[in-house]
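Residues 71 to 376 in this note's numbering are what the sequence shown spells out, letter by letter.
No residue lacks a Cβ here, since even glycine has one placed at the ideal position from N, Cα and C.
Since the structure is predicted, the reported quantities are computational estimates derived from the model, not experimental observations.
Written below as structure tokens is the structure these notes are about.
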Amino acid sequence: MSRRLPPLNALRAFEAAGRHLSFAKAADELAVTPPAVSHQVKQLEDWLGIALFRRMTRKVALTEEGRAALPLLSDAFDRLSDAVERVRAREETGALTVSVAPSFAARWLVPRVERFREAHPDIDLRISANIDIVDFRAGDVDVAIRFGRGGYARLKVDKLLSEAIAPLCSPRLLQGKHPLRSPGDLVHHTLLHDDSLVPGSAIPDWRMWLRINGFEKIDASRGPRFSYSDHALQAAVDGHGVLLGRLALAQTDLNAGRLIRPFGREIPTEFGYYLVRPDAGPDRPRVAAFRDWILAEARLEGSAAA
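Shown next, in the form of structure tokens:
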């Protein structure tokens, strides 16, 4: 049987205004203007053919009909909200889409994906590797991992890792004609440059690092440059030179012995990696599962790096 109902927006406007006895407070709750609330309530009154509010100079009051309808309508919206939450709760299984920069995906997240699958076999992880800013309103992405200073407005934010910069190279560079034993030996080695680091930020490049450590005579401009950290790290792993690279991003290679820190001189930065997702109520079950897992992985990473 079809139901003849007034517009849902008009019902929502009346229910909010009736609870608050204020069009302005209802407008704040619904993220619209007070005139819009007034218009919706008037539309509902016209549809019903009765007055729901008595409008006075500085306030409104419910009519007898409005007082009778409000608790029933509030209960109906509570039931509707409950039904929606039950539908959302069914998303405990299914696909979870994570937006992440390609280098972080390749060097940090992908090596750990199997552990997530073992912990949550019913959740299919989809990794969207790109550098685009995520619009969660589009609904294509559930969570994102961002590299920056944090402080992302209107989003839930968890810090995963801090980032520091240090020289990195293959252990093979400790041998050969010019073994790498001190910063002065860099004069005999190729410098690798990660151009993906934030331009104009406090993150040091080779020129700054050499100056800080008293080796300004070494030409910091020489050597290949890479627009992706992943490519720069791979060049270092392959023994093509010494990279001034991100330690958190390189930790998997450091743990595996594919990279080493020849001098142990790191410089902390104000940047880090952050898990972000929409700030709209509690996390859905599959989002909460991913959040708990990746925070635990980040804590393990921090312990391994300490």
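May I have the straight-line CA-CA distance separating residue i from residue j, to the nearest angstrom?
| i | j | result |
| --- | --- | --- |
| Thr103 | Gly136 | 22 Å |
| Val213 | Leu81 | 33 Å |
| Thr260 | Thr167 | 39 Å |
| His90 | Ala146 | 17 Å |
| Ser299 | Ser232 | 16 Å |
| Ile282 | Pro352 | 46 Å |
| Asp210 | Thr127 | 47 Å |
| Leu345 | Leu179 | 12 Å |
| Pro348 | Gln304 | 34 Å |
| Glu115 | Lys229 | 50 Å |
| Trp244 | Glu371 | The question names Trp, but residue 244 is Leu in the sequence shown. If you take the alpha carbons of Leu244 and Glu371, they lie about 26 Å apart. |
| Ala208 | Val257 | 51 Å |
| His190 | Ala359 | 8 Å |
| Cys239 | Ser291 | 18 Å |
| Glu134 | Leu122 | 8 Å |
| Arg242 | Gly311 | 10 Å |
| Ala171 | Gly315 | 16 Å |
| Ala165 | Glu155 | 18 Å |
| Thr278 | Phe93 | As written in the sequence, residue 278 is Met, which differs from the Thr given in the question. If I take the Cα positions, the gap works out to 59 Å. |
| Arg361 | Arg149 | 29 Å |
| Arg224 | Asn200 | 22 Å |
| Ser204 | Arg185 | It should be noted that the sequence gives Val, not Ser, for residue 204. Computed Cα separation, rounded: 26 Å. |
| Leu118 | Asp152 | 27 Å |
| Gly309 | Ala350 | 47 Å |
For a cutoff of 8 Å on Cβ pairs, would you count residue i as touching chain D?
| i | result |
| --- | --- |
| Leu319 | Here there is only one protein chain, and chain D is not present. |
Which first and last residues belong to the beta strand (DSSP E) in which residue i is found?
| i | result |
| --- | --- |
| Tyr78 | The identity of residue 78 in the sequence shown is Leu, whereas the question assumes Tyr. That residue, Leu78, is in no beta strand (DSSP E); its alpha helix (DSSP H) goes 78-90. |
| Val166 | It should be noted that the sequence gives Leu, not Val, for residue 166. Looking at the DSSP string, the run of the beta strand (DSSP E) that includes Leu166 is 164-170. |
| Leu280 | Segment 276-282 is the alpha helix (DSSP H) holding Leu280; no beta strand (DSSP E) there. |
| Ala223 | Premise fails: Ala223 is in no beta strand (DSSP E) and is neither H nor E. |
| Ser198 | 193-199 |
| Phe341 | 337-348 |
| Ala214 | 213-218 |
| Asp264 | 261-264 |
For the alpha helix (DSSP H) holding residue i, just list the boundary residues, first then last.
| i | result |
| --- | --- |
| Ser299 | 299-307 |
| Thr322 | 317-326 |
| Glu286 | Segment: none, Glu286 is in no alpha helix (DSSP H) and carries neither H nor E. |
| Glu188 | 183-189 |
Hey, residue i and residue j are a contact pair by Cβ (cut 8 Å); roughly how many whole angstroms apart?
| i | j | result |
| --- | --- | --- |
| Val107 | Ala83 | 5 Å |
| Ala320 | Arg177 | 7 Å |
| His263 | Phe217 | At roughly 18 Å, the Cβ-Cβ gap does not stay under 8 Å, so His263 and Phe217 are not in contact. |
| Glu99 | Ser144 | In fact, because the Cβ distance is near 13 Å, the residues do not count as touching under 8 Å. |
| Pro237 | Pro332 | 6 Å |
| Pro274 | Ile215 | At roughly 23 Å, the Cβ-Cβ gap does not stay under 8 Å, so Pro274 and Ile215 are not in contact. |
| Ala306 | Leu317 | That pair is no contact at about 12 Å. |
- Message: Quick check on the DSSP output: what are the complete alpha helix (DSSP H) runs of length 4 or more inside the region 97-143, in order along the chain?
- Response: 104-118, all fully within the region 97-143.
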